[in-house]
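Reading through the structure tokens given below for one structure.
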Amino acid sequence: MSEMDRLSLGSATTGADIAQSCLAYLRENTAKLETQTTLELIQAIKGSSRNFKLDFGDRDWVRLADAALTIGSEAMDRVTRRLTIQGAAMGWSTDFDYRPLATQIHAVAGPARKIRNAIAHRAKCTRAILKAQDLKNSIGLGHELAGTRFATTDQVRDWQKRSFYLFEKIGSVNPRFHLMYQKEWLNFCDEYNAFNFGITTYSTEGLQSIFEKYLLGLSKEASKFNLRWDFVDKSDSTTSALKSKLNSNITYDFKRKEDQFTISIRIPEMNQNTYNSVSLDLMELIELKTGLKHIDAIRGGKDPDLLNIDVYGEYAMGHIKSALSEIEKYFQQKYPKGLK
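Okay, here's the thing in structure tokens:
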């Protein structure tokens, strides 16, 4: 961050100048930390692979990390595809199933995705508040703030307060989210002021602090894993053959916490009878095959096609791989053509 240009206040400094300075600071720091997050995740994956040497090029590592940083239900599919492509380029067995390995890499990357989420959220809120002063769209107070000159740090802080007031007044965001936007804006301003003017009156939660907070979590998460790059044939009974699509129209996602893991299964047009039957079958199946006892099933709230299987308590990655494998077998055997 030290290489960035600091705002030099003077008699000609306008609110528009400060707004542009804020955007430049946000843009440069966000880009820097996103790149740093990718590099830290690469090291975490390498470290979790223990002593297994992977002869990937730098670009291959970045592509794999970027796939693991995907937010949402496509994440697992992207990691699996990336591994498949890289495996083919390395001459690995074409029969190797990469899904279990993708599942583990996805779990390792959890704290890194939180960094990306938090940084993106800060940037979204900050840009929304600064956009209110866009001369092309703003009127009244917006024109005043953009055109007024600010020569002291106290005046800059007053500009920051009035900028949020303008954002509230314009009403571009539902009022129930204003407190959230205000918190993000105040934290951004604290960090911006500390960098540019040495003002540290408030305790800050800047972008660097967000990064360092979740980076510690990434280190802890990576230490739990021993990623298995076992290039075995699919006929091996220990191999989980869960694919990106369980059958023609059923897909899944996977989330892991310290004392819980959740398998989210999307079943298009799932009615209540289907939910009742499948949820009971899967809870019983996972209990029988893994020995885990605290299992629950629930529909996905606003998403009626989503079935969440929650498993609570202590578990090992072997339990997860076994559960995923059994789910695949269940749908392939009972619903080979889907539920429609």
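FYI, this note's numbering numbers position 93 of the sequence shown as 102, with every residue one higher than the one before it. For every residue, glycine included, the Cβ atom is placed at its ideal position computed from N, Cα and C.
task = From the DSSP output, in three-state form, read off Ser-14 for me.
result = Taking the first residue of the sequence shown as position 1, residue 14 is located at position 5. Reading off the sequence shown, one finds Asp at residue 14, where the question assumed Ser. In the structure shown, Asp-14 adopts coil according to DSSP, grouped into three states.
key: contact_flag[the segment 11-30, the segment 163-173] where n(CB pairs < 8 Å) is 3 or more   = yes
task = Assign Gly-24 to one of three DSSP states: helix, strand, or coil.
result = For this step, residue 24 is matched to residue 15 along the sequence shown. Note: Gly-24 maps to helix in three-state DSSP.
request  = Counting only the same chain and skipping the five closest in sequence on each side, list residues whose C-beta sits under 8 Å from that of Thr-162.
outcome  = As a working note, residue 162 is residue 153 in the sequence shown. Closer than 8 Å at the Cβ level, and outside the excluded window around Thr-162, lie Leu-18, Asn-202, Phe-206 and Ile-208.
query = Arg-36: which of Ile-329, Ala-132 and Leu-294 sits nearest, CA to CA?
reply = Position 27 of the sequence shown, counted from the start, is the residue given in the question as residue 36. Considering only alpha carbons, the answer is Ala-132.
message = Going by DSSP, what residue range makes up the beta strand (DSSP E) through Thr-260?
response = As a first step, residue 260 must be located in the sequence shown, where it is residue number 251. Residues 260-266.
request  = Using the Cα positions of Asn-280 and Leu-301, report the straight-line distance between them to the nearest angstrom.
outcome  = Here residue 280 refers to the residue found at position 271 of the sequence shown. Here residue 301 refers to the residue found at position 292 of the sequence shown. Roughly 27 Å between the two C-alpha positions.
query = Looking at the structure shown, is Tyr-344 part of a helix, part of a strand, or coil, going by DSSP?
reply = The count along the sequence shown starts at 1 and reaches residue 344 at position 335. Coil at Tyr-344, not helix or strand.
query = Applying the criterion that 16 or more other CB atoms from any shown protein chain within 10 Å of the CB defines a buried residue, is Pro-184 buried or exposed?
reply = Here residue 184 is taken as the residue at index 175 of the sequence shown, counted from 1. It is exposed - the Cβ of Pro-184 has fewer than 16 other Cβ atoms within 10 Å.
query = Exposed or buried, Asn-196, counting other C-beta atoms within 10 Å across all chains shown (16 or more means buried)?
reply = Here residue 196 refers to the residue found at position 187 of the sequence shown. With 16 or more other Cβ atoms within 10 Å, it is buried.
ask   = So, is Met-189 buried or exposed, given that buried needs 16 or more other C-beta atoms within 10 angstroms?
value = Locating residue 189 in the sequence shown gives position 180, where the first residue counts as 1. By the neighbour-count rule (16 or more Cβ atoms within 10 Å), Met-189 is not buried but exposed.
message = Classify Arg-87: buried if its beta carbon has 16 or more other beta carbons within 10 angstroms, exposed otherwise.
response = Numbered from 1 along the sequence shown, position 78 holds the residue referred to as residue 87. Arg-87 sits buried, since 16 or more C-beta atoms from the chains shown fall within 10 Å of its C-beta.
query = How many Å lie between Asp-312 and Glu-278 at the Cα?
reply = Translated into the one-based positions of the sequence shown, residue 312 becomes position 303. Translated into the one-based positions of the sequence shown, residue 278 becomes position 269. Looking at the two C-alpha atoms, the distance is approximately 10 Å.
ask   = Ends of the beta strand (DSSP E) at Tyr-107?
value = Counted from its first residue, the sequence shown places residue 107 at position 98. Unbroken run through Tyr-107: none, as it is neither H nor E.
key: Start-to-end residues for the beta strand (DSSP E) that takes in Gly-226   = For the purposes of this step, residue 226 is identified with residue 217 of the sequence shown, where counting begins at 1. First-last for Gly-226: 216-232, but that is the alpha helix (DSSP H), not the beta strand (DSSP E).
request  = Would you list, in sequence order, the uninterrupted beta strand (DSSP E) runs of no fewer than 3 residues that lie entirely inside the segment 291-325?
outcome  = 304-309 and 312-321
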